[in-house]
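K.L.:
Residue numbers (my numbering), protein chains in the order written: chain A, 5 to 200; chain B, 5 to 200. Even for Gly, the Cβ is constructed at its ideal location relative to N, Cα and C. Structure in structure tokens, see below.
Protein chains: 2
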Amino acid sequence: MSATPVFTLPDRRADSAVRLHPLLAGRWSPRGFDASYELTDAELTALLEAARWAPSAANAQPWRFLVGRRGAATFDAIVELLMPGNQAWAPRASLLMVAVADTTEAPTAPWAVYDTGQAVAHLSVQAEELGLAVHQMGGFDAAGVSERFGLAAELKPIAAVAVGRLDPAADLPEPFFERERAPRERRPVSELLIAS
Amino acid sequence: MSATPVFTLPDRRADSAVRLHPLLAGRWSPRGFDASYELTDAELTALLEAARWAPSAANAQPWRFLVGRRGAATFDAIVELLMPGNQAWAPRASLLMVAVADTTEAPTAPWAVYDTGQAVAHLSVQAEELGLAVHQMGGFDAAGVSERFGLAAELKPIAAVAVGRLDPAADLPEPFFERERAPRERRPVSELLIAS
Numbered sequence: 005m006s007a008t009p010v011f012t013l014p015d016r017r018a019d020s021a022v023r024l025h026p027l028l029a030g031r032w033s034p035r036g037f038d039a040s041y042e043l044t045d046a047e048l049t050a051l052l053e054a055a056r057w058a059p060s061a062a063n064a065q066p067w068r069f070l071v072g073r074r075g076a077a078t079f080d081a082i083v084e085l086l087m088p089g090n091q092a093w094a095p096r097a098s099l100l101m102v103a104v105a106d107t108t109e110a111p112t113a114p115w116a117v118y119d120t121g122q123a124v125a126h127l128s129v130q131a132e133e134l135g136l137a138v139h140q141m142g143g144f145d146a147a148g149v150s151e152r153f154g155l156a157a158e159l160k161p162i163a164a165v166a167v168g169r170l171d172p173a174a175d176l177p178e179p180f181f182e183r184e185r186a187p188r189e190r191r192p193v194s195e196l197l198i199a200s
Numbered sequence: 005m006s007a008t009p010v011f012t013l014p015d016r017r018a019d020s021a022v023r024l025h026p027l028l029a030g031r032w033s034p035r036g037f038d039a040s041y042e043l044t045d046a047e048l049t050a051l052l053e054a055a056r057w058a059p060s061a062a063n064a065q066p067w068r069f070l071v072g073r074r075g076a077a078t079f080d081a082i083v084e085l086l087m088p089g090n091q092a093w094a095p096r097a098s099l100l101m102v103a104v105a106d107t108t109e110a111p112t113a114p115w116a117v118y119d120t121g122q123a124v125a126h127l128s129v130q131a132e133e134l135g136l137a138v139h140q141m142g143g144f145d146a147a148g149v150s151e152r153f154g155l156a157a158e159l160k161p162i163a164a165v166a167v168g169r170l171d172p173a174a175d176l177p178e179p180f181f182e183r184e185r186a187p188r189e190r191r192p193v194s195e196l197l198i199a200s
């Protein structure tokens, strides 16, 4: 351990070759949420409006959401459906959601999952603007979500989403305390280009 | 036709219940790109860096891109693979891309398409910050892209992406001229909520 006090975090901004907008450069996926922070109605509305106005194939808007604020039954139900590793930190969030792709509309169904990703990305940018952070999770029981919430087969639960205010002093259990402080890494841009 | 001169566009900002960040509220998907505008190297780098730093399941970063600036062979190849309706306007863009999801990594493959959507959304936000606009298209020949660029079966072409500078005076053929001026519409937030 270094001499760094536990209540600070290293600079986690994106290390990009050129300047990125601060809402993109500053965004990361923390686990140390402030377990006392309660999301306001205006914040929740802004998050959902950001998702609402995302683009989609033929404007089909296939994104749907299960949404629960801490203390609500939907929040508790989502916690129960998370993988144990995520249950160790996600209950600190102010809001838990499950992003669901509606594949009912046949012509645009091939883009339902892709566009749901876009909607949650827009929600994440708006969260950053509100001083909130988002951590998405693949580690949840999708079949269990469908059963618990009675989802039709065309409604595909894709990602659990935690939203809250970062608490740099959060006393996370390992391995999460160290992971919260680990360097952020990405492939170089050159690896992303198939042809250019 | 109204008396509105053709070189203006109506206000197309998102009509949201609460304030959204201007980069989200102001974003839309035009077809009237400035056919003379050339993207700078710094702009292209910023777009790709924005995609690069998007979140993904287990940080797998499954997004890959075919990228061509107007005048390049890749640009022309993408134009040829667009549906005819898109060929009518997309060649005006400064940049054409195809967003490809790499489904090679088995544990995170279920999120490859979703996360590729997130990466393109981040790219779109950065484009807006640079005064550029993005218009994504499902209308392209995905199998043709795979064949033309020799993509392995695990590489799934998902969306064609046009990037450029908006030209409000662009003389688009119908139905695109009217569509560029049509009101923007979204489902109400209430329709997005399965449970809350």
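Cβ closer than 7 Å: which chain A residues qualify as neighbours of B:PRO59?
P.N.:
SER33, GLN140
K.L.:
Below 8 Å between beta carbons: does that hold for A:HIS139 and A:TRP57?
P.N.:
Judged by their CB atoms, A:HIS139 and A:TRP57 are not nearer to each other than the 8 Å cut-off.
K.L.:
What are the boundary residues of the alpha helix (DSSP H) that includes B:VAL124?
P.N.:
Run containing B:VAL124: 116 to 133, per the alpha helix (DSSP H) assignment.
K.L.:
Output needed for B:SER33: all residues of its chain with C-beta closer than 6 Å, excluding positions within five of it in sequence on either side, in chain order.
P.N.:
HIS139
K.L.:
When we look at the beta-carbon of B:GLU53 and count the other beta-carbons within 10 Å, is it buried (16 or more) or exposed?
P.N.:
buried
K.L.:
Could you tell me the alpha carbon to alpha carbon distance between A:MET5 and A:PHE181, rounded to whole angstroms?
P.N.:
For A:MET5, the predicted model reports a pLDDT of 46, less than 50, meaning its position is unreliable; a value from the coordinates is still stated below. Distance between the alpha carbons of A:MET5 and A:PHE181: 12 Å.
K.L.:
Taking B:GLU109 as the reference, give the member of B:ALA157, B:GLY143, B:GLU151, B:PRO88 with the closest Cα.
P.N.:
B:ALA157
K.L.:
Quick one: grab the DSSP three-state call for B:GLN65.
P.N.:
coil
K.L.:
Check the Cβ-Cβ distances between A:SER6 and every residue of chain B, and say whether any is below 8 Å.
P.N.:
Low per-residue confidence applies at A:SER6: pLDDT is 49, beneath 50, and the placement is therefore not dependable, though the value from the model is reported in the following sentence. So, not an interface residue.
K.L.:
Check whether the Cβ of A:ALA186 lies closer than 8 Å to any Cβ atom in chain B.
P.N.:
Put simply, the CB of A:ALA186 is far from chain B, with every gap to its CB atoms at 8 Å or more.
K.L.:
Can you give me the C-alpha to C-alpha distance between A:ALA50 and A:PHE153, rounded to a whole angstrom?
P.N.:
24 Å
K.L.:
When you compare the CB positions of B:GLN122 and A:GLY121, do they come within less than 8 Å of one another, or not?
P.N.:
yes
K.L.:
Can you find a C-beta in chain A that's less than 8 Å from the C-beta of B:TYR41?
P.N.:
no
K.L.:
Residues of the stretch 81 to 104 of chain B in Cβ contact with chain A at a cutoff of 7 Å, in chain order, please.
P.N.:
VAL104
K.L.:
Since B:ALA55 contacts A:GLY142 with CB under 8 Å, what's their CB separation in whole angstroms?
P.N.:
Not a contact, Cβ separation roughly 19 Å.
K.L.:
Determine, using beta carbons only, whether A:PHE144 comes closer than 8 Å to chain C.
P.N.:
In the structure shown, chain C cannot be found, because the protein chains are A and B.
K.L.:
Using only the alpha-carbon positions, how far apart do A:ASP106 and A:ASP80 sit?
P.N.:
23 Å
K.L.:
Starting from B:GLY148 and walking both ways along the beta strand (DSSP E), at which residues does that stretch end?
P.N.:
Note, B:GLY148: premise wrong, no beta strand (DSSP E); alpha helix (DSSP H) at 146 to 152.
K.L.:
Could you give the distance in angstroms between the alpha-carbon of B:LEU27 and the alpha-carbon of B:GLU132?
P.N.:
6 Å
K.L.:
In the DSSP assignment, what are the bridge partners of A:LEU86?
P.N.:
DSSP output for A:LEU86 lists A:PHE144 as bridge partner(s).
K.L.:
Exposed or buried, which one is B:GLU84 when buried takes at least 16 other CB atoms within 10 Å?
P.N.:
exposed
K.L.:
Sorted by chain position, which residues of the same chain lie with C-beta nearer than 7 Å to A:LEU13's C-beta, five sequence neighbours on each side aside?
P.N.:
PRO172, GLU184, ARG185
K.L.:
Got a sec, what are the start and stop residues for the beta strand (DSSP E) A:ASP106 sits in?
P.N.:
99 to 106
K.L.:
Quick check: B:ARG17 and B:GLY36, are their CB atoms within less than 8 Å of each other?
P.N.:
no
K.L.:
Assuming A:ALA147 and A:ILE82 are in contact, meaning their beta carbons sit under 8 Å apart, how far apart are those beta carbons, in whole angstroms?
P.N.:
Cβ atoms of A:ALA147 and A:ILE82 stay farther apart than 8 Å, at about 14 Å.
K.L.:
So which residues of chain B does A:GLU133 contact, with C-beta pairs closer than 9 Å?
P.N.:
LEU24, HIS25, LEU27, LEU28
K.L.:
Rounded to whole angstroms, what is the Cα-Cα separation between A:VAL102 and A:VAL71?
P.N.:
Going by C-alpha positions, A:VAL102 is about 7 Å away from A:VAL71.
K.L.:
Would you call B:THR1 buried or exposed, if buried means 16 or more other Cβ atoms sit within 10 Å of its Cβ?
P.N.:
Only positions 5 to 200 of chain B appear in the structure, and residue 1 of chain B is not among them; the question remains open.
K.L.:
Terminal residues of the continuous alpha helix (DSSP H) containing B:PRO26?
P.N.:
26 to 29
K.L.:
Where does A:ARG73 sit, in a helix, a strand or coil, going by DSSP?
P.N.:
strand
K.L.:
Which of the three DSSP states is assigned to B:PRO161 in this structure?
P.N.:
strand
K.L.:
Using the three-state DSSP reduction, which class does A:LEU170 fall into: helix, strand or coil?
P.N.:
strand
K.L.:
Mapping DSSP to helix, strand and coil, what is A:LEU197?
P.N.:
strand
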